[in-house]
Amino acid sequence: MSAKMTMDQPDTRRRLDDMAQGLIGKPLDRADGPLKVSGSATYSHEWPIDNQAYGVLVRAPFAKGTVQSIDKQSVLSMEGVLAVINDERLLRNPAQGTANEAPVQGVKDVVYLGQPIALVVAETFECARHAAQSLSFEYEAADSVAIDPEATDAQLEKPDDKQFEQGDVDQAMQHAVFSVDQIYRTPGHNSAAMEPHCAIAQWQDENLTLYGSYQMLKYNRNELADSLGIDAERVRIVSKYVGGGFGSKLGIAPEAVAAAIAAKQLQRPVSVTLSRQQVFEVVMRRSETRQHFQLAADKSGVLTSLSHVSLVSNLPDETFAEPVGQATHFIYGGKNRRIGLQIARLNKTCAGSVRAPGEAVGVTALENAMDELAEAAGIDPVELRLINIPDNDPEQDIPFSSMKFREALKLGAERFNWNQRQSKPGQVREGEWLIGMGMASAARVNMLMESEAKVTLAADGSITVETDMTDIGTGSYTILAQIAGEMLGIPMSRIATHLGDTDLPASAGSGGSWGASSCGSAVYVACEDIRSQICKKLNCQNDELTLKDGHAIARNKRYDLVELLDGESLQAVGHIEPGDTSKDVRQATFGAHFAEVAVNSITGETRVRRMLGVYSAGRILNEKTAHSQCYGGMIFGIGMALTEELMHDPRDGHIVNRDLGEYHVPVNLDVPQLDVVLLDERDDHASPIQSKGIGELGICGAAAAIVNAIYNASGVRVRNYPATLDKIL
Ligand code: MOS
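This is the structure:
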């Protein structure tokens, strides 16, 4: 059986609200948690494939130029070395996160430092690594490289479809009673997922199986097939457990293509695992941004105009551009609006989606500008947000699908004791520490993506859920089981969830915060179909049916499900796709961040003392996994505010801090007690399960709350992230 649902209309049935099993929303532990911490979850690198050879990538030691020749003999004579592969397909970097798009990087041309130029394959990893370091090749490097997007000779593009104008911003700025005209900068970021990228490729005749660590298998399969020039049907990708992605595994990376080519050539399985340094160099980065804000307000602080013009970067010809202004389109009102994006073409690692692409940096800088406007207008920062929340989408004049932005701001202010904040900076001192509070709004677009999932209710009353959905640490295994168990009245112990394999029905995968809602909706649609099949047996309507603890109850009669099935199993493939509700209404998630910091008046060191996030994202499917996503986002915010910064040497473009020893992400001692509150909300437009994406909301604007708190503590405005000690002193 197959059932399809297109989100053309709001789904007001809210079936999950009054179901009997009591699983939805419950803070259940992640099913994969014990497996992961006990070492019994099989990560991609760990698949016990016999007769593996090991490949190590050789990277270009220059950022721009041409490889002229590779002296394969220089290493082929070494004991244990099996092959040196410099197939031109290797040199390409698959475009990030787009389906069926041919890879676009140069062939013999090197465009960034670290770009793969060859793969050395040997009997052992150590041997391959030694040979990779010993390989000699000739190249011609260009005299100069483009590293700085703001350099006077930077090559800039201004795509028409990324410029928006409404009304007259310049005139509004001239007539403003209060205004802010400032430039903010955020540096490049690395995803910094715990598990490095890896792939084991194995061919059987013309069919490839690749064990790898990826987020969106349906797309990854197409990308890999395109890179190899074969049909997607010949490619199977398996990603059972993924040790974090944060965007870096939305697309395949060079290890996948390299392993596949080598395994084909050698006629044996080949494993390629990137070192941490290689992950930094060859996978991708978040673009640095330069963001120019012009805010104009009337005498009561209401925005008359909002302008947000950004500069980002990427490699030549890459299509992705950090969508910095994504939430600026709808978060606040203002009749006159300008949102623009320019792209500088640089010789730096491919820029792609990293941890809430767009809003993570865009909402953050906007919320710094709003803090400056609040001060200029003499209005409390929370109040300034409240009076500028639009009733409708301010550009398209369509309603919001659901919005608890106001509630989040108000509840957050109350819970954080915001009224104890001194509006004048530098007023609170504890010894050598200056104490301050800051806040920021959170906003992120919501997306539903086409997904399929198969649900089987077996004759013994157990359930199997099958889809190629991935669990990147977010809780997919658990949440999908909760939805199926709730819909069919089966306890968690009797539900098996199989994910992470392209042989299973294709889902949208994990990305853009859409995973749980999209794939969860596919599971819901499948279960609705199975419920209908049960209804047929009982001759009742779906609304009359209650399923609980393996029993069906209809018209006051109770049936044992196993007896009712009588040896038969029921199955359905659920298929969800977005429809008109993605156009007729503006779908987004909202929230509010609050932070208290202590800034050392002698060293300039900032410590975050407490943080609160209040978020609304439709129905919460699992309170624990949702909280954890928000904690993660807030911790990213601490990193973004205080330490994270990719540094490229301006002379040759190499990443100076290409490991976790030098690229500083927050550790436990940097993170205080975090407080998360999730508001109760249902979004009938977003999905048939009334949920929206929550994965990335916690990061959107979090860093701004900290940097605004630094200003409140010390009187120092940091407009160039991160707020390191030198900028505060
Ligand atoms: Mo996310 S950065 O879309 O995995």
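Counted the way this note's numbering counts, the sequence shown spans residues 333 to 1061. Just so it is clear, CB atoms sit at the ideal spot from N, CA and C, and this is done for glycine as well. As the structure is a computational prediction, the values presented were derived from the model and not from experiment.
In this structure residue 907 does not touch residue 973 by the C-beta definition: roughly 42 Å separates them, more than the 8 Å allowed. Residue environment: residue 491 is assigned as exposed (fewer than 16 neighbouring CB atoms within 10 Å of its CB, all protein chains considered). A contact is defined here as three or more CB-CB pairs under 8 Å, and the segment 463–475 fails this definition with respect to the segment 585–594. Positions of the alpha helix (DSSP H) runs, each at least 4 residues long and wholly inside the segment 480–540, are given as 501–506 in order along the chain. Where residue 457 is concerned, the enclosing alpha helix (DSSP H) starts and stops at 457–466. Beta-bridge pairing by DSSP links residue 442 to 397. Secondary structure of residue 546 (DSSP, three-state): coil. For residue 720, the secondary structure class from DSSP, reduced to helix, strand or coil, is helix. Beta-bridge analysis with DSSP links residue 470 to 401.
Residue 573 is bridged by DSSP to 375. DSSP, reduced to helix, strand and coil, places residue 889 within a strand of the structure shown.
Under the DSSP assignment, residue 880 falls in the beta strand (DSSP E) whose first and last residues are 877–880. Taking a contact to require three or more Cβ pairs closer than 8 Å, the segment 847–866 and the segment 797–817 qualify as touching. Residue 800 is positioned such that its CB atom lies closer than 8 Å to that of residue 836. According to DSSP, residue 762 shares a beta bridge with 765.
Closest in C-alpha terms to residue 620, from the list 1059, 1008 and 980, comes 980. Rounded to whole angstroms, the Cβ separation of residue 395 and residue 984 is 6 Å, and the two are in contact under 8 Å. Below 8 Å, too few C-beta pairs join the segment 736–754 and the segment 672–684 to call them touching: fewer than three. Judged by DSSP in its simplified three-state form, residue 776 adopts strand. Counting C-beta atoms within 10 angstroms of its own C-beta, residue 354 has fewer than 16 neighbours from the protein chains shown and is therefore classed as exposed. Residue state for residue 386 is assigned as strand, using DSSP reduced to three classes.
If you keep only unbroken alpha helix (DSSP H) runs of at least 4 residues inside the segment 693–743, you get 713–720. In the same chain as residue 882, and ignoring 5 residues on each side of it, the C-beta atoms closer than 8 Å to its own belong to 793, 821, 822, 823, 826, 892, 893 and 894, in chain order. DSSP lists 795 as the beta-bridge partner residues of residue 827.
DSSP lists 337 and 783 as the bridge partner or partners of residue 908.
In the three-state reduction of the DSSP assignment, residue 369 falls in the helix class.
Nearest neighbour of residue 999 by Cα position, chosen from 545, 967 and 582, turns out to be 967. Short of 6 Å from the beta carbon of residue 934, and not among the five residues preceding or following it, lie these beta carbons of its own chain, in chain order: 764. Distances taken from the Cβ of residue 617 to the heavy atoms of ligand 1 include none shorter than 7 Å. Under DSSP, no beta-bridge partner is assigned to residue 578. Cβ contact annotation for residue 691 (same chain, cutoff 7 Å, sequence separation greater than five): 658, 659, 775, 776 and 1032, in chain order. When DSSP states are grouped into helix, strand and coil, residue 551 belongs to the helix group.
Placement of the Cβ of residue 688 at a distance of less than 7 Å from at least one heavy atom of ligand 1 is found. Here the segment 908–916 makes no contact with the segment 1027–1047; the two share fewer than three CB pairs at distances below 8 Å. From the listed residues 729, 633 and 990, the smallest Cα separation to residue 702 is found for 633.
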